[in-house]
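**Q**
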Amino acid sequence: MSQSSIPLEKITLRYEIIALLFLAVAGIEGFMMRIELDNIPLISYDHYFAVMTAHPIVGIYGWAYLAVMGAFYYLVPKLLNKELYSKKIAMIGLWMQTAGVIIAWSAGFVFHYGALYTLYWPLPVAWDRFSPVGALTYAVGVALIEISVLLFIFNIFATIFSHKKGSDKVVRNFLIAAFGIDALLGVLSRIRHSRRLSHMDGGVKDPPPPVFIVSVMRGSIDAVINSIVLIVAGLIILVYSISAIAGTYLNPQLIDPLIYKNWYWWGLDMIADGDVLIWTAGTLYLLAPLLANRALYGERVVRYVILADLIVSMGVWSHHLLSDRPQPAMLRLVSGQFITWGEFFTMGLSFFTALITLWLGRPIKSSMSLKFMLGAIFGFALGGFAGLVQANYGLNVIIHNTQWIAGIHIHMMLLAGLSSLIFAVIYTLLPMLTGKGLISERLSNLHFWLWMIGSVGMSIAVGLAGTAGMLRRDLYFGTSMYLPYMYIGTVFAIIMALGYLMFVINVIKTYGLKTLVGLFIPLKQ
Amino acid sequence: MYIQQIIELIYAVYFLGVLTFFIIFASKLTKPPKRNFDGGEHGMGKEEKQWLVVLIIVFLVFNIITLTYLPWQKWLLPWASAKPVKTFHITMNNYTFYLPENPIIIKVNEPVEFIVTSKDVTYGFGVFRADGTMVFQMQVIPWYNNSIIWIFDEPGNYTIRSTEYSGPEHPYMVIPNAIRVMP
Numbered sequence: 434m435s436q437s438s439i440p441l442e443k444i445t446l447r448y449e450i451i452a453l454l455f456l457a458v459a460g461i462e463g464f465m466m467r468i469e470l471d472n473i474p475l476i477s478y479d480h481y482f483a484v485m486t487a488h489p490i491v492g493i494y495g496w497a498y499l500a501v502m503g504a505f506y507y508l509v510p511k512l513l514n515k516e517l518y519s520k521k522i523a524m525i526g527l528w529m530q531t532a533g534v535i536i537a538w539s540a541g542f543v544f545h546y547g548a549l550y551t552l553y554w555p556l557p558v559a560w561d562r563f564s565p566v567g568a569l570t571y572a573v574g575v576a577l578i579e580i581s582v583l584l585f586i587f588n589i590f591a592t593i594f595s596h597k598k599g600s601d602k603v604v605r606n607f608l609i610a611a612f613g614i615d616a617l618l619g620v621l622s623r624i625r626h627s628r629r630l631s632h633m634d635g636g637v638k639d640p641p642p643p644v645f646i647v648s649v650m651r652g653s654i655d656a657v658i659n660s661i662v663l664i665v666a667g668l669i670i671l672v673y674s675i676s677a678i679a680g681t682y683l684n685p686q687l688i689d690p691l692i693y694k695n696w697y698w699w700g701l702d703m704i705a706d707g708d709v710l711i712w713t714a715g716t717l718y719l720l721a722p723l724l725a726n727r728a729l730y731g732e733r734v735v736r737y738v739i740l741a742d743l744i745v746s747m748g749v750w751s752h753h754l755l756s757d758r759p760q761p762a763m764l765r766l767v768s769g770q771f772i773t774w775g776e777f778f779t780m781g782l783s784f785f786t787a788l789i790t791l792w793l794g795r796p797i798k799s800s801m802s803l804k805f806m807l808g809a810i811f812g813f814a815l816g817g818f819a820g821l822v823q824a825n826y827g828l829n830v831i832i833h834n835t836q837w838i839a840g841i842h843i844h845m846m847l848l849a850g851l852s853s854l855i856f857a858v859i860y861t862l863l864p865m866l867t868g869k870g871l872i873s874e875r876l877s878n879l880h881f882w883l884w885m886i887g888s889v890g891m892s893i894a895v896g897l898a899g900t901a902g903m904l905r906r907d908l909y910f911g912t913s914m915y916l917p918y919m920y921i922g923t924v925f926a927i928i929m930a931l932g933y934l935m936f937v938i939n940v941i942k943t944y945g946l947k948t949l950v951g952l953f954i955p956l957k958q
Numbered sequence: 083m084y085i086q087q088i089i090e091l092i093y094a095v096y097f098l099g100v101l102t103f104f105i106i107f108a109s110k111l112t113k114p115p116k117r118n119f120d121g122g123e124h125g126m127g128k129e130e131k132q133w134l135v136v137l138i139i140v141f142l143v144f145n146i147i148t149l150t151y152l153p154w155q156k157w158l159l160p161w162a163s164a165k166p167v168k169t170f171h172i173t174m175n176n177y178t179f180y181l182p183e184n185p186i187i188i189k190v191n192e193p194v195e196f197i198v199t200s201k202d203v204t205y206g207f208g209v210f211r212a213d214g215t216m217v218f219q220m221q222v223i224p225w226y227n228n229s230i231i232w233i234f235d236e237p238g239n240y241t242i243r244s245t246e247y248s249g250p251e252h253p254y255m256v257i258p259n260a261i262r263v264m265p
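Protein chains in written order, with our numbering: chain A, 434 to 958; chain B, 83 to 265.
1. Here's a check: name, in chain order, each residue in its chain whose Cβ is nearer than 8 angstroms to the Cβ of SER631/A, leaving out the five neighbours to either side.
2. Counting only Cβ pairs nearer than 8 angstroms, list the residues of chain A close to LYS113/B.
3. So does the stretch 500-512 of chain A actually touch the stretch 540-558 of chain A, counting three or more Cβ pairs closer than 8 angstroms?
4. Starting from ILE810/A, follow the alpha helix (DSSP H) in both directions and report where the run begins and ends.
5. Comparing C-alpha positions only, which one of TRP496/A, PHE811/A, ILE468/A sits nearest to PHE455/A?
6. To which residues of the same chain is MET952/A closer than 7 angstroms at the C-beta, ignoring the five residues directly before and after it?
7. Counting Cβ pairs closer than 8 angstroms, one from the stretch 791-810 of chain A and one from the stretch 858-870 of chain A, do we hit at least three?
8. For ARG629/A, count neighbouring Cβ atoms within 10 angstroms of its own Cβ and tell me buried if that reaches 16, exposed if not.
9. Identify the continuous beta strand (DSSP E) that holds ASN834/A and give its terminal residues.
10. Evaluate GLU579/A with the Cβ neighbour count: other Cβ atoms within 10 Å of its Cβ, from every protein chain shown; 16 or more gives buried, anything less gives exposed.
11. Closer than 8 angstroms is the cut-off here; do at least three beta carbon pairs connect the stretch 243-255 of chain B with the stretch 896-916 of chain A?
12. Buried or exposed for GLY635/A, going by 16 or more other Cβ atoms inside 10 Å?
13. Does any residue of chain A have a CB that is nearer than 9 angstroms to the CB of HIS252/B?
14. Are the C-beta of GLY238/B and some C-beta of chain A separated by less than 9 angstroms?
15. Suppose contacts are defined by Cβ-Cβ distances below 9 angstroms. Is PHE811/A in contact with PHE936/A by that definition?
16. Bridge partners of PRO224/B, per DSSP?
17. Is MET502/A buried or exposed, if buried means 16 or more other CB atoms sit within 10 Å of its CB?
18. Say whether chain B places a C-beta atom closer than 9 angstroms to the C-beta of THR900/A.
19. With respect to the beta strand (DSSP E) encompassing ILE843/A, which residues constitute its N-terminal and C-terminal limits?
20. According to DSSP, is PRO864/A helix, strand or coil?
21. Pull up the distance between the alpha-carbon of VAL662/A and that of LEU475/A, whole angstroms please.
22. By Cβ distance, which residues of its chain are closer than 7 angstroms to TYR920/A, with the 5 residues on each side in sequence left out?
23. Would you mind working out which of GLN686/A, THR943/A, GLY769/A sits nearest GLY868/A, comparing C-alpha positions?
24. What is the rounded straight-line gap between the Cα of SER913/A and the Cα of ILE654/A?
25. List the residues of chain A that ILE223/B touches, going by C-beta distances under 7 angstroms, in chain order.
26. Closer than 9 angstroms by beta-carbon distance: list the chain B residues that pair up with MET914/A, in chain order.
27. Measure the C-alpha to C-alpha separation of PHE482/A and ILE589/A and round it to an integer number of angstroms.
28. Assuming PHE881/A is part of the beta strand (DSSP E), what are its boundary residues?
29. Assuming GLY208/B is part of the beta strand (DSSP E), what are its boundary residues?
30. Verify whether the separation of the beta carbon atoms of THR169/B and THR900/A is less than 9 angstroms.
31. Kindly indicate which three-state DSSP category LEU871/A falls into: helix, strand or coil?
32. Can you say whether GLU469/A is buried or exposed, counting buried as having 16 or more other CB atoms within 10 angstroms of its CB?
33. Take every Cβ of the stretch 739-753 of chain A, pair it with every Cβ of the stretch 677-687 of chain A, and state whether three or more of those distances are shorter than 8 angstroms.
34. Report the residue from TYR494/A, THR713/A, THR786/A whose alpha carbon sits nearest the alpha carbon of GLY125/B.
35. Which residue marks the beginning of the beta strand (DSSP E) containing THR112/B, and which one marks its end?
36. Short of 8 angstroms in beta carbon distance, which residues of its chain neighbour ILE172/B, apart from the five on each side in sequence? Order them along the chain.
Encoded structure:
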């Protein structure tokens, strides 16, 4: 079968299955670290930090990104009633990203490269601590991943921009919507004519694109910036590592570590505070009306919220540098604290929109999509507030780099929040993609409850170790001070893993292992 | 009560509040409404405006409290000033702290300044109580003077630990009882 004749459903299913496999790998890595933190020596400590370096790459780019890409590849053309611009690019992207994640992962597992995802300069090229071959491997892996992300964005934009005869304004309107120009024109119109928000057309006379599509496009802008920044970081490491392998050691002081850190976090935050939140909001705007069987509440306001999110994501990076004293204090206060609160407003309004849309659609049929969607908002609400505690000029002094941020913020956001939302989408998509939903309601419910209890419980247990003083990115040899938190965290992690297992069993029971393998390898009947 | 314990308490209340809301919300979602309202079709509805007011109040309360209540804001905020009585220069290199004296002796309630420099990679400079809770920390950016003023309000022995990962030997970057605060 040629790439272009592959059904879109099959492409999406391939993405989702590989994403789920990477989630399992990230989970195994998580357990390896949990066991080490329980003071049970399983791996050497340099290997521990190498696992810690690989873990977010596998979790973010292997699981979350692939799952989201697969879903968007199906949803964007369907919602626009168009063909995907290139199925070939979609498949190349899938294999490229899979290869990139495996290569970046092997940098840690094989070469024990442990500069962490933060890559604080000049640690990635500190050759007394890591091998140049490990750095080179890591840089190649990350480069492949980011090129794949750029291919995805290109494919999505090309799909949206492609137009039929008689609709020559499509490109113009989508560009206007993607960059929020419609919303800006609306604000200007309101100022000039004192017109009510409800009567603004924003200068775009054609029907505006669905808010989900607008979210995908605006989140994509952040994803592109993030990719470019990471590719440049990878290139710098590449140059330094190739030189070192060739026997020439370049001076790390050629790059200023503080400027590098600002630039790197500005780009990296485009994921955490940019496209994750914008794409999340967009997905909620899609799911809520679908589940409530009614129009989205306050759709006009939502378009402004998405625009605000795009602007906020550009200015929040300094909350990662609140403890960097050479960073100008006013920049830390304004960008690190006040602008970060912009996310409180944008996400607060997004959750409100989703929840009130459901409320107005009562009675709503209970479904796994609904449960996971509510679970996701619950997770984001818990993790988001913890992030605001950290992104505070005063509180950061006693919280920065503790387990609070790793547990109660990051893992709460990614596992209870983002992953639950991805599961909500998967439960919605599966019947559309395959013609039948998962057969066991009992297993689906077990999946939901075990996942939620496990992810929330683990995040809180680990996070509270942070307020007790335990650092993230550290090990405590011969100290039992934080062990109770770690033991409880491990118990909840096992509960969460059982939830994932219930889902996998349900998928295999429904479709059969042979069918799932057959999505990738043609099998004889 | 340490600030960390207050954070835990506030978070516990917040957690219970959010959990209660979701339990009630989810339980009512599948039942037909006794009465319903309409809104949101023409811009920001009344309910959304009320919600926005709630968000603004939370924003103001949280930020005003953390800008004024936390003791160290008196000397750490951009517009604050505190003149240190003593300055301690600490160097970090190759996973090692080089202290001017061990232990560093400080008087309680006396402003002191720590200037920490790294000669190789990024480290962290964190001070911890005997029970493991953090007193304060800062990042140590290499080749920069990283400076922080602190006033210790409790006598006792304090541990110094690097709070930023710097390579595989990072967990060993700890000096117990490196600071002694005298009454």
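Where is the CB? At the ideal position from N, CA and C, for every residue including glycine.
**A** With the structure as the only source:
1. Confidence at SER631/A is low in this model, with a pLDDT of 42, below 50, so the placement of that residue should be treated as unreliable; the coordinate-derived value is given next. ARG733.
2. The answer, in chain order, is ARG795, PRO796.
3. As far as the Cβ criterion goes, the stretch 500-512 of chain A does not touch the stretch 540-558 of chain A, which means the pair count is below three.
4. Segment 801-823, the alpha helix (DSSP H) holding ILE810/A.
5. Of TRP496/A, PHE811/A, ILE468/A, the residue nearest in Cα terms is TRP496/A.
6. Here residue 952/A is Leu; the residue named in the question, Met, does not match the sequence. Closer than 7 angstroms at the Cβ level, and outside the excluded window around LEU952/A, lie LYS443, LEU446, ARG447, ILE450.
7. Short answer: they touch.
8. For ARG629/A, the predicted structure reports a pLDDT of 48, less than 50, and the residue's modelled location is therefore unreliable. The matter cannot be settled from this model.
9. Where ASN834/A is concerned, there is no enclosing beta strand (DSSP E), given that its DSSP letter is neither H nor E.
10. Counting every other CB atom within 10 Å of its CB across the protein chains shown gives GLU579/A a total of 16 or more, marking it as buried.
11. Yes: the two stretches touch, three or more of their Cβ pairs being nearer than 8 angstroms.
12. Reliability fails at GLY635/A, whose pLDDT of 44 lies under 50, so the model's placement of it is uncertain and the value that follows must be treated cautiously. With a 10 Å radius around the Cβ and a threshold of 16 neighbouring Cβ atoms, GLY635/A comes out buried.
13. Cβ-Cβ to chain A under 9 angstroms: yes for HIS252/B.
14. No, because no Cβ of chain A sits closer than 9 angstroms to the Cβ of GLY238/B.
15. In this structure, PHE936/A does not lie closer than 9 angstroms to PHE811/A by Cβ.
16. Under the DSSP definition of a beta bridge, PRO224/B partners with SER200/B.
17. Under this definition MET502/A is a buried residue.
18. Output row for THR900/A: interface = yes.
19. Per DSSP, ILE843/A belongs to no beta strand (DSSP E) and is neither H nor E.
20. Helix.
21. Looking at the backbone, the Cα of VAL662/A and that of LEU475/A are separated by about 35 angstroms.
22. If the five residues before and after TYR920/A are omitted, its C-beta is found closer than 7 angstroms to the C-beta atoms of ASP471, all from its own chain and listed in chain order.
23. Checked all of GLN686/A, THR943/A, GLY769/A; the closest Cα to GLY868/A is THR943/A.
24. SER913/A and ILE654/A have their C-alpha atoms some 46 angstroms from each other.
25. Chain A residues near ILE223/B: PRO690, LEU691, ASP757, PRO759.
26. Here the neighbours are ASP213, GLY214.
27. Those two C-alpha atoms are separated by around 36 angstroms.
28. Bounds of any beta strand (DSSP E) do not take in PHE881/A; it lies within the alpha helix (DSSP H) bounded by 874-900.
29. 205-210 is the span of the beta strand (DSSP E), which, as asked, contains GLY208/B.
30. Going by C-beta atoms, THR169/B is not nearer than 9 angstroms to THR900/A.
31. Three-state result, LEU871/A: coil.
32. With a threshold of 16 other beta carbon atoms within 10 Å, GLU469/A meets it and is buried.
33. A contact between stretches requires three or more CB pairs, one per stretch, nearer than 8 angstroms, and the stretch 739-753 of chain A fails this requirement with the stretch 677-687 of chain A.
34. The shortest C-alpha separation from GLY125/B is found at THR786/A.
35. No beta strand (DSSP E) holds THR112/B; DSSP gives it neither H nor E.
36. Answer for ILE172/B: PHE179, TYR180, LEU181, PRO182, PHE196, ILE197, VAL198, THR199, PHE207, listed in chain order.
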